[in-house]
Structures are given as C-alpha cells and as structure tokens.
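Asks: Each position in the sequence shown, counted from 1, maps to that position plus 8 in our numbering.
Quick reminder that beta carbons are idealized off the backbone N, C-alpha and C, glycines included.
I am attaching a structure below and will ask some questions about it afterwards.
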Amino acid sequence: MFDRDADWAAIPHLGAAIGVFTPHAWMAIDQLRRVVDVAQVGTFLLNRGCEHGAWGEKWWYEIALIDSGRLILWFVREGHCAGHDERPPHPTVSVTLRTIPLSEITDKSLKVDYDVAPDGAVTMTTVDLTLYTSTTTRTVKASLEEYRHSIEHFQFSKYSSHGVAQMNRLIDFAHAVSREIR
C-alpha cells in the first residue's frame, strides 16, 4: 500500500493516508490508536523528508493531528546501526509520540507566499505554519540586564513541489488549530 509517489492530501481518512504515506504505517496506526480514535480524526497533516548518509537514504516521517484539544505528533526517523553483539550492520527506526495540550499553544503564525504573474494571476508557492508554546527551551544571558529566551515551537511547511492539495491541507490544519486554541 505504501507509495512514495502517491499524494496523501487527496485521502480524507487518516488511516488510509498513513498507509500510502509511510512504510511504517502499521507502527504509526498501532501507536496512534492508543491515544485517539484513528477513524474519527479529521484534521491531520503528513510530512516526510530524506537525508543521505554513508549507508544511503535515511527517511523521516511525521504525522500531526488535532484531537480533543490536543496536538498529537508522531515522528519516525530511519537510521543505521553499524552492528553490535555479533549482529551485522542493520537498519533501525526511532519513534517519538508527543501529546501537547492545545492550551499550551500561545501563538500561531501562518504565512502563505504567492507568485504574481504579469497578467495578475497568483500561484501559491509556499505555506509555513509555526506553532509557539509557552515552554522555554533555552535562556541566554545577553547582557548584565538582558536575557534572551528561546521557546519551543513546531514548524510545518509545504512548497509548490508538494502540490496545491498539500499546501491547502496545511492551511486547513492551521485554521483548525486557530479554532481550537483559547
């Protein structure tokens, strides 16, 4: 069912979209169903990317969803182990599941960029969503009297290369977050 070339944005149901989106679908669905009713989730976003290492391609996959006043993030990163305990080199995966109450979101920034043609027609090129929380992740003393604080934030981006449907899904996701945060 996994098809790296398929566009998940055309699939309205989370479970089916995950199936086409990641080769680790069974793991994602199993872990997500422990915290949400996967069949009932209507607002979700999927992202993936590839990094190149000495052993070849290493993919990461992210699922973000809104459910019952929570932002739920599932993230998997593929890796490689050089081998241990007489075991030869082998692939690995590292999975993270986070649940953030939407009440922790203190600010949301949605930025949409468009190209404007000479005839005035506009084409969406980039959508960026940043969600800021109240959690301080780092404090640096800038001077005797000033400190600079870094706060936790979550960044989601879609580009024209992802297709208009995925950019629109990110905009819809941002609007759903706006409706839910207080």
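1) Below 7 Å CB to CB, which residues in the same chain sit around I74 once its five sequence neighbours on both sides are set aside?
2) Which two residues bound the contiguous alpha helix (DSSP H) that contains D93?
3) Alpha carbon to alpha carbon, what distance is there between H88 and K116?
4) Counting Cβ pairs, one atom from each stretch, are 3 or more of them under 8 Å apart for the stretch 107 to 122 and the stretch 139 to 157?
5) Which residues in the same chain have their Cβ closer than 6 Å to the Cβ of R156, if we skip the five residues on either side of it in sequence?
6) For R78 and T107, what's the separation of their Cα atoms in angstroms?
7) Is it buried or exposed, E70, if we count other Cβ atoms within 10 angstroms and call 16 or more buried?
8) Give the straight-line distance between the Cα atoms of K66 and E153, rounded to the nearest whole angstrom.
9) Under the three-state reduction of DSSP, which class applies to S111: helix, strand or coil?
10) What are the partner residues of F164, as DSSP defines its beta bridges?
11) Are the Cβ atoms of V84 and M132 separated by less than 8 Å?
12) When DSSP builds the beta bridges, which residues end up paired with F52?
13) Output the boundary residues of the beta strand (DSSP E) element that contains E86.
14) So what does T100 bridge to, in DSSP terms?
15) According to DSSP, is W68 helix, strand or coil?
16) Measuring straight from C-alpha to C-alpha, what distance separates A72 and L40?
17) Is it right to say G64 is buried, meaning 16 or more other beta carbons lie within 10 angstroms of its own, or is it exposed?
Replies: Quick answer:
1) T51, A184, V185, E188
2) Per DSSP, D93 belongs to no alpha helix (DSSP H) and is neither H nor E.
3) 36 Å
4) yes
5) Cβ neighbours of R156 beyond the five flanking positions: V148, A150.
6) 6 Å
7) buried
8) 45 Å
9) helix
10) L137
11) no
12) L73
13) Where E86 is concerned, the enclosing beta strand (DSSP E) starts and stops at 78 to 89.
14) G87
15) strand
16) 11 Å
17) exposed
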